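The opening position of the sequence shown corresponds to residue 27 in the working numbering, with each subsequent residue numbered one higher. Only one structure is covered here, and it is reproduced in the block below.
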Amino acid sequence: MEVQKILIMTGGGDAPGLNAVIRAAVKRAILGYDWEVIGSIEAFNGVLDDPMRVIKLDQQSVTGLLMRGGTILGTSNTGGPFEFPLRRPDGTVEVVDRSDELIRRLHRIGVDAVVSIGGDGSQRIAQGLADKGLPIVGVPKTIDNDLDATEMTFGFQTAVETATDAIDKLHTTAESHDRVMIVEVMGRDAGWIALSAGVAGGADTILIPEIPFHVERIAAHIKRRRKAGHHFAIIVVAEGAFPQGGTALTVKQREAGQPNPILGGVGRWLGEELEHCGFHQTRVCVLGHLQRGGVPSPMDRLLATRYGVAAVDLIAEGKFAHMVALRSDDIVAIPISEAIARYRNVNLDCNLMRTARGLGICFGD
Ligand code: F6P
Numbered sequence: 027m028e029v030q031k032i033l034i035m036t037g038g039g040d041a042p043g044l045n046a047v048i049r050a051a052v053k054r055a056i057l058g059y060d061w062e063v064i065g066s067i068e069a070f071n072g073v074l075d076d077p078m079r080v081i082k083l084d085q086q087s088v089t090g091l092l093m094r095g096g097t098i099l100g101t102s103n104t105g106g107p108f109e110f111p112l113r114r115p116d117g118t119v120e121v122v123d124r125s126d127e128l129i130r131r132l133h134r135i136g137v138d139a140v141v142s143i144g145g146d147g148s149q150r151i152a153q154g155l156a157d158k159g160l161p162i163v164g165v166p167k168t169i170d171n172d173l174d175a176t177e178m179t180f181g182f183q184t185a186v187e188t189a190t191d192a193i194d195k196l197h198t199t200a201e202s203h204d205r206v207m208i209v210e211v212m213g214r215d216a217g218w219i220a221l222s223a224g225v226a227g228g229a230d231t232i233l234i235p236e237i238p239f240h241v242e243r244i245a246a247h248i249k250r251r252r253k254a255g256h257h258f259a260i261i262v263v264a265e266g267a268f269p270q271g272g273t274a275l276t277v278k279q280r281e282a283g284q285p286n287p288i289l290g291g292v293g294r295w296l297g298e299e300l301e302h303c304g305f306h307q308t309r310v311c312v313l314g315h316l317q318r319g320g321v322p323s324p325m326d327r328l329l330a331t332r333y334g335v336a337a338v339d340l341i342a343e344g345k346f347a348h349m350v351a352l353r354s355d356d357i358v359a360i361p362i363s364e365a366i367a368r369y370r371n372v373n374l375d376c377n378l379m380r381t382a383r384g385l386g387i388c389f390g391d
């Protein structure tokens, strides 16, 4: 198959480094293969809209993108071609499958192959489209680092940096006031951000979805610290963490076409529980979308750039239905089906977990 024109799309929640992938992929496609590149606005919605919203991506349009957060293409974490939320004139929403129509539209505008930059939801869509014969390759993105088959997604390291910076700042105020300070971080059902930022920021308690916690064990840990002369405590809690016998708290359910509920509230809940245990100066800070914003860290820029170049090379090799992945400091190609087969939780036996346990960090278990 001779490739002349490729389309790039960014799907799911944004993450620092998306623009760096776009830049690298565009440069590689033009300089290495002399292909034409276009981008779909707001994931695949741009191709499905009338009139279509697709833009030409040339070298000029990616100048200065390396350090820019967000995505110049826009993104969406609702729906997708297989579960497209169609809003009726009466305000009701019907979820319809527009995947065949998407493929027809891509053919009509002469697209030979697609680069799908996204997390597990986007890669699931990519696999579905590949099964229907669309030549597509994936690039793993998400601050949550919860995509299997790659050692790291881009966006994660910047999120950890942002969370660590926040923990550093909360440390000084917690210490001044002898307070218990709870920091709620993102990560969905995986505790990677909480664990990494917690260890990097010197937290004394880290709560992750993989280890249901007991409030009384956290309280006992804070009391032991106080006896040892430390009158403040820093607790990092992942938004998906939950007490033993409980479930993760949600802020609200998603609308039609949205796969996951919006997690949140465990920090505030825990704060109230600890106040009941006698820690009256407990304060809660929810970092939220700060973790998704801003300039990508140098490590994320490097990873994003390596992924962008490798994804275009995959197209040149005709290796479709594959995703680029980081393995032992090399970028390799793995079947997308492998990446979406399992959710990537924190391995409780990994070195970082053992390090944290070795430091006496409490996990509430
Ligand atoms: O998957 C990335 C992520 O930021 C999660 O950590 C978080 O649970 C979710 O997206 C938030 O989604 P939204 O941007 O729709 O609020």
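Here a beta-carbon is modelled for each residue, glycine too, at the ideal position from N, C-alpha and C. This one's a predicted model, so the numbers in the text were calculated from it and none came from an experiment.
{"Query": "As an exercise, report each continuous beta strand (DSSP E) stretch of at least 3 residues that is fully enclosed by the segment 77-122, in chain order.", "Result": "80-82, 110-113 and 119-122"}
{"Query": "What's the C-alpha gap between Met35 and Gly100?", "Result": "9 Å"}
{"Query": "Check whether the Cβ of Arg113 lies closer than 8 Å to any Cβ atom in chain C.", "Result": "The displayed structure is made up of one protein chain only, and chain C is not part of it."}
{"Query": "Taking 7 Å as the cut-off, does the CB of Asn171 come closer than this to any heavy atom belonging to the ligand F6P?", "Result": "no"}
{"Query": "So, is Arg94 buried or exposed, given that buried needs 16 or more other C-beta atoms within 10 angstroms?", "Result": "buried"}
{"Query": "Excluding the 5 residues flanking Leu91 on each side, which residues of the same chain have their C-beta closer than 6 Å to its C-beta?", "Result": "Asn45 and Arg49"}
{"Query": "Taking the Cβ atom as the reference point for each residue, do Asp60 and Thr184 lie within a distance shorter than 8 Å?", "Result": "no"}
{"Query": "Would you tell me roughly how many angstroms separate the C-alpha atoms of Ala337 and Ile357, rounded to the nearest one?", "Result": "10 Å"}
{"Query": "Give the DSSP bridge partners of Ile32, in chain order.", "Result": "Val63 and Ala139"}
{"Query": "Please list the terminal residues of the continuous beta strand (DSSP E) segment that includes His348.", "Result": "His348 to Arg353"}
{"Query": "Buried or exposed, going by whether 16 or more other CB atoms sit within 10 Å of the CB of Glu265?", "Result": "buried"}
{"Query": "Helix, strand or coil for Glu301? Go by DSSP, reduced to three states.", "Result": "helix"}
{"Query": "Could you pull the start and end residues of the beta strand (DSSP E) that Asp230 belongs to?", "Result": "Neither: Asp230 is in no beta strand (DSSP E) and is coded neither H nor E."}
{"Query": "I'd like to confirm something about Asn103: is its beta-carbon nearer than 7 Å to some heavy atom of the ligand F6P, or not?", "Result": "yes"}
{"Query": "Which residue wins for smallest C-alpha separation from Pro235, given the options Pro269, His306, Leu160 and Ala246?", "Result": "Pro269"}
{"Query": "Can we count Ile288 as close to the ligand F6P, meaning its CB is less than 7 Å from some heavy atom?", "Result": "yes"}
{"Query": "Who are the near neighbours of Thr308 in its chain, counting only those whose CB is closer than 6 Å to its CB and skipping five residues on each side?", "Result": "Val206, Gly297, Leu300 and Glu301"}
{"Query": "Around the Cβ of Gln153, are there at least 16 other Cβ atoms within 10 angstroms (buried) or fewer (exposed)?", "Result": "buried"}
{"Query": "State yes or no: is the C-beta of Thr231 within less than 8 Å of the C-beta of Cys376?", "Result": "no"}
{"Query": "Should Thr179 be listed as close to the ligand F6P, given that the test is whether its C-beta is under 7 Å from any heavy atom?", "Result": "no"}
{"Query": "Hey, how far is the Cα of Met178 from the Cα of Arg368?", "Result": "15 Å"}
{"Query": "Please report the residue range of the alpha helix (DSSP H) in which Glu364 lies.", "Result": "Ile362 to Ala365"}
{"Query": "Nearer than 7 Å: is that true of the beta carbon of Met349 relative to any heavy atom of the ligand F6P?", "Result": "no"}
{"Query": "Starting from Arg309, follow its DSSP beta bridges and name the residues at the other end.", "Result": "Met207"}
{"Query": "Compute the distance between the beta-carbons of Pro107 and Ala139, then report whether it is under 8 Å.", "Result": "no"}
{"Query": "Using 7 Å as the cut-off, classify the Cβ of Met212 as near or not near the heavy atoms of the ligand F6P, replying yes or no.", "Result": "yes"}
{"Query": "Among Val80, Asn171, Gly213 and Ala347, which has the Cα closest to the Cα of Glu364?", "Result": "Ala347"}
{"Query": "Helix, strand or coil: which one does DSSP assign to Pro324?", "Result": "helix"}
{"Query": "Does at least one heavy atom of the ligand F6P sit under 7 Å from the Cβ of Glu265?", "Result": "yes"}
{"Query": "Decide yes or no for the touch test of the segment 187-199 against the segment 253-263: beta carbon pairs closer than 8 Å, at least 3 of them.", "Result": "yes"}
{"Query": "At which residues does the beta strand (DSSP E) containing Thr276 begin and terminate?", "Result": "Thr276 to Lys278"}
{"Query": "I'd like the list of long-range same chain contacts for Glu120, defined as Cβ closer than 7 Å, with 5 residues on each side in sequence excluded.", "Result": "Leu112 and Arg114"}
{"Query": "Here's the rule I'm using: 16 or more other beta-carbon atoms within 10 Å means buried, otherwise exposed. How should Leu97 be labelled?", "Result": "Sequence check: residue 97 is Thr here, not Leu. By the neighbour-count rule (16 or more Cβ atoms within 10 Å), Thr97 is buried."}
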